[in-house]
């Protein structure tokens, strides 16, 4: 029967009496049989800027330790330098790789999307009408945009600082670079709204003929988990990971007071009213360690991956 179906027993298939003390075998086997009955939903991980699938070994291990037998897939696309490709191109590429996994998961899947990957996943969820994502876990992702002098910025644009990067990002050429698709300069709001080919559309900050459909698609998720923290050091402001952002004085305005929340342009307020919007803030975690931090996993992710 369908409720007995498991999608991830491959990680339990290596059990044998020769692999360790026999006393350890039966508890492990029992856990695997339990997983086969419970049928944990497959987890799909989407990486961020300059990452690759190999960076998520610890997160995969955390998942399989807490939910044995879970089928975990880290999508191996747009790695390293290719992560600078335009965001819509990445959305289409990741969508093509993820869709077959969804189709083979009768009970749905979960998304864990890290950093830039969190914005890629929003594009997928907004434009894919028949997705079956239950928990969308956004792991330190610049959901409201990025505006900060970081090491990434110095590496990509050594001649520029945050205050003048708009000269590049808000051009047709700049919009061919992923980070410029969500660069949100609070001092040049009109340029951002009119030039951003990605985030301004996702947030319906400029007229978007697809906004009603995209909102309907996005709201098919069961939970939105927004993870971030004050010691991130890359996502700027860090509250962008929870849809907060700067006003034109560079004072952070929290999500609940943002126009995109108040007008419920793509569903944040609806999710909150449903009780399906979860904010998880963890201090002391630097950006590159979010996916390898066991405390973050147990505190912010574990319970939503069933």
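Residue numbers (this note's numbering): 10 to 315.
Idealized CB from N, CA, C, for every residue including glycine.
Please read all numbers here as calculations on a predicted model, not as lab measurements.
191 is the residue among 126, 312, 191 and 244 whose C-alpha sits nearest the C-alpha of residue 208. Residue pairing by DSSP places residue 192 opposite 155 in a beta bridge. Inter-residue distance for residue 195 and residue 189 is about 14 angstroms (C-alpha atoms, whole angstroms). The beta-bridge partner set that DSSP reports for residue 82 consists of 53.
A contact between stretches requires three or more CB pairs, one per stretch, nearer than 8 angstroms, and the segment 227 to 246 meets this requirement with the segment 141 to 159.
The C-alpha of residue 183 is placed about 10 angstroms away from the C-alpha of residue 95. When C-alpha distances from residue 235 are compared across 306, 171 and 261, the shortest belongs to 306.
Counting of Cβ neighbours within 10 angstroms places residue 303 among the exposed residues, the total staying below 16.
For residue 130, no beta strand (DSSP E) run applies; the uninterrupted alpha helix (DSSP H) run containing it begins and ends at 125 to 136, by DSSP. In the assembly as shown, residue 198 is an exposed residue. Its beta-carbon has fewer than 16 other beta-carbons within 10 Å.
Per DSSP, reduced to three states, the secondary structure at residue 90 is helical. By the C-beta criterion, the segment 208 to 228 is judged to be in contact with the segment 133 to 142, since at least 3 inter-stretch pairs fall below 8 angstroms. Remark: C-beta atoms of residue 175 and residue 149 do not approach each other more closely than 8 angstroms. Nearest Cα to residue 51 within the set 193, 77, 287 and 262: 77.
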